[in-house]
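Positions 1 to 552 (full-length UniProt numbering) are the ones given, in order, by the sequence shown. Below is one structure, written out as structure tokens; comments come after it.
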Amino acid sequence: MTNHNVMGGSWGGSNAPSGLWYSFATPLIGKGVRWASRVTHHGGSALPGKIVETIDPTFLARTLAQLPLGVVLVSGTNGKTTTTRMVASMLSDLGLKVFTNPTGSNFTRGVVSALLQTVPLTGRLDADIAVLELDEAYAVHFVRQVKPRYALLLNVMRDQLDRFGEIDNTARLLGHVAQATTGTVVLNREDPRIARLAGLAPVSTTVKYFGLSDDLKRFFPSDDDMATTVSVEGAAEGKDGKDDASASDKPKTAASDSGAEDGTDAAAKQAPAADLSDTLTLPPVNPEALAIATLPADVTLTEVGDHAATFRLSGEPGKPVRPGASDNTAIERHTKVRLEGVYNLFNAAAALAVVRAVIRDANRVAGSAMLKSMTSPKFQAFRARLQRFADAKSDDLIAAVSRVTPAFGRGEVIDVNGSPTELLLVKNPMGFRLSLASFPPEGADTMIVINDEYADGRDMSWLWDVDFTSLKETGVAQVSGVRAWDMALRLGYDQVKVEEVDPDIDAALAAFVKRNPGHSKHIYCTYTAMLKVRAALGRIANVADAGVGTGK
């Protein structure tokens with residue numbers, strides 16, 4: 001499909017080389033590197049992307065410029081991978097051809113590697129829209145090359161402080177994304193640092209919000225709430241939760257100097273740190289301006305239950321709501337979901353909001369004269385897909401949400417010798433606390449695997465900001481990873497019994513899966529640990545493909 005920008009706006013790629021040599025040689029070289037790295041088990045999944053970025057810097061922009069509906073960029077501290085999967089799955093379910101980076105490889109070279117896996121030697125990307133997860137720092141590099149049509153900015157938490165520095169630096173990175181978005185920016189109303197980024201969006205860019213009903217806010221604390229030591233467990237019980245260990249109690253632990261483990265992206269440890277020297281001025285945080293009446297949410301999560309949620313939608317997706325209109329057009333829908341964890345229900349509200357934004361635009365252009373004038377079979381097929389998508393109603397969106405399955409390593413359930421084994425990614429205090437609250441330890445064996453590679457963050461002191469007392473009664477069966485002994489020490493301060501400590505992940509996992517056949521198991525792991533655990537489980541169990549849509 002040729003480059004027809006049916007949505008308007010800039011897609012980037014204006015500096016793409018014009019020679020046909022690039023169109024054929026770059027995919028050929030990239031696929032060759034990918035094949036060689038798989039055969040030799042060296043280089044990791046991002047190596048082809050690294051090579052192609054070097055020899056053909058415009059490949060990314062040039063390839064994504066073929067998409068008639070542009071790019072949806074998803075970023076933020078927590079929930080990127082799961083929300084990206086939700087958005088991609090919903091768009092695909094509703095009729096569009098979707099390209100995505102499905103495994104959580106969220107650097108620009110990871111996106112390039114995913115493209116190389118998908119495009120044929122002609123370099124033609126057979127998709128209508130891309131849904132891309134980007135690391136907060138790499139999102140800045142990405143938008144310098146490709147202007148996203150849509151941006152979904154989830155939250156800002158204290159995460160990888162050794163890399164990002166203070167929390168406003170992370171917000172500043174996401175501010176660049178808001179500035180570069182040409183169509184619609186969707187923001188988390190409940191996170192003051194995210195909500196204020198509306199002031200950075202271009203005048204021509206639409207701003208939408210997703211949010212929570214008042215009675216749910218205590219279950220989803222912001223980073224500032226975390227700083228006041230209100231735990232998720234305490235909020236759920238109407239009590240203030242306190243960590244047993246104060247900051248002064250935290251023992252000093254040595255960071256590992258080891259490189260990336262085998263099986264992970266070798267390029268990750270060499271990725272540059274975020275450029276925090278820029279002078280982007282953030283709009284001031286004004287808590288009084290964050291009232292629901294001031295920032296009406298396009299999608300609001302109003303009730304949560306066991307694999308169930310209720311959402312309030314501001315009217316049908318294809319019908320724009322007048323500014324200042326009453327809430328009489330609001331639609332409430334209840335649905336069961338296949339997602340694990342209460343926090344993913346809020347991510348579902350975010351996904352619904354950005355999909356509704358795409359539908360609004362599709363309604364605007366589906367019957368346009370430009371589309372009607374395109375008579376080739378490919379464009380007629382695209383027009384049919386677009387019309388089907390544009391006709392989607394709220395019930396169709398909710399049904400699509402109900403069919404989304406957990407993302408790669410994010411509440412993913414793998415049957416291991418008859419034991420349902422859940423992989424739970426943890427990388428900062430908020431994420432770990434919410435996971436512990438969402439997956440009660442009773443009736444399950446627990447394993448914790450902590451690495452400190454570049455992709456995990458070197459500084460593991462954040463573990464001391466997590467309340468582990470919910471594990472006191474059941475204990476932890478196995479602790480592993482590069483920082484296994486540090487994790488065991490942290491659990492000891494909360495008086496959590498640890499049965500075994502073994503830094504060797506393969507050996508520890510082999511022992512863990514043999515425990516209590518048929519018993520449920522929870523494995524909490526950092527990013528590189530999750531990759532290694534998932535690969536090891538794949539040798540003894542059926543591990544599902546991570547892909548969604550065209551990107552799989």
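Glycine residues also receive a C-beta, built at the ideal position from the N, C-alpha and C atoms.
Item, Value
"Can you give the Cα-Cα distance for S394 and A330, rounded to whole angstroms?", "11 Å"
"Residue range of the beta strand (DSSP E) that A309 falls in?", "308-313"
"With a threshold of 6 Å on Cβ separation, who are the neighbours of T181 within its own chain once the five nearest residues in sequence on each side are excluded?", "P148, A151, T205"
"By the DSSP assignment, the beta strand (DSSP E) with R333 in it spans what residues?", "331-336"
"Of the choices D214, L174, K378, L371, whose alpha-carbon is the least far from that of V304?", "D214"
"Where do the ends of the beta strand (DSSP E) carrying H522 lie?", "520-525"
"Please name the residue in T77, K378, R385, A455 whose C-alpha comes closest to that of L173.", "T77"
"Would the stretch 70-86 and the stretch 335-350 be scored as touching if the rule is three or more Cβ pairs under 8 Å?", "yes"
"Below 8 Å between beta carbons: does that hold for G211 and E190?", "yes"
"Report the rounded CA-to-CA distance for N169 versus F389, giving the unit in angstroms.", "38 Å"
"Using a Cβ-Cβ cut-off of 6 Å (strictly less than) and excluding sequence neighbours within five positions of V342, which residues of its own chain qualify?", "V304, S438"
"Can you give the Cα-Cα distance for A384 and D126, rounded to whole angstroms?", "15 Å"
"To the nearest whole angstrom, what separates the beta carbons of L187 and L197, a pair I think is in contact under 8 Å?", "6 Å"
"Applying the 10 Å Cβ sphere with the 16-neighbour rule, what's the burial state of G431?", "buried"
"Taking DSSP as the reference, what is the three-state secondary structure of T302?", "strand"
"Are the Cβ atoms of V466 and V479 separated by less than 8 Å?", "no"
"Can you pull the DSSP bridge partners for P283?", "DSSP output for P283 lists no bridge partner at all."
"Within 10 angstroms of its Cβ, does A510 collect 16 or more other Cβ (buried), or is it exposed?", "exposed"
"Return the chain-ordered list of same chain residues with a C-beta closer than 7 Å to the C-beta of I359, the five sequence neighbours on each side being excluded.", "P317, G318, F389, A390, A392"
"Do you know offhand how far M157's Cα is from T63's?", "33 Å"
"Could you check where the beta strand (DSSP E) with T84 kicks off and where it finishes?", "Not the beta strand (DSSP E): T84 falls in the alpha helix (DSSP H), residues 80-93."
"Rounded to whole angstroms, what is the Cα-Cα separation between T58 and L132?", "17 Å"
"Could you give the DSSP three-state label for M447: helix, strand or coil?", "strand"
"Look at the alpha carbon of D396 and the alpha carbon of S461, and state the distance between them as a whole number of angstroms.", "44 Å"
"For P48, tell me which candidate among T118, L96, G95 has the shortest Cα-Cα distance.", "T118"
"What do you reckon, are the CB atoms on A541 and I448 nearer than 8 Å?", "no"
"Give the DSSP-derived three-state secondary structure of D504 in the structure shown.", "coil"
"Expressed to the nearest angstrom, what Euclidean distance is found between the alpha-carbon atoms of N155 and V140?", "16 Å"
"Measure how close the beta-carbons of F468 and L491 come, nearest whole angstrom, since I'm counting them as under 8 Å.", "6 Å"
"Helix, strand or coil, according to DSSP, for I540 in the structure here?", "coil"
"Does DSSP put D415 in a helix, a strand or coil?", "strand"
"What's the gap between the Cα of L290 and the Cα of P202?", "In this prediction, L290 scores a pLDDT of 47, lower than 50, which makes its location untrustworthy; the coordinate-derived value is nonetheless stated afterwards. Cα to Cα, L290 sits roughly 20 Å from P202."
"Considering only C-alpha positions, which residue in the set D128, I51, S92 is nearest to G110?", "I51"
"Assuming contact is defined by CB atoms lying nearer than 8 Å, are M487 and L463 in contact in what I supplied?", "yes"
"Among S92, T122, F99, G95, which residue has its Cα nearest to the Cα of T26?", "T122"
"Judging by CA-CA distance, which residue of P296, E332, L295 is the nearest neighbour of L313?", "E332"
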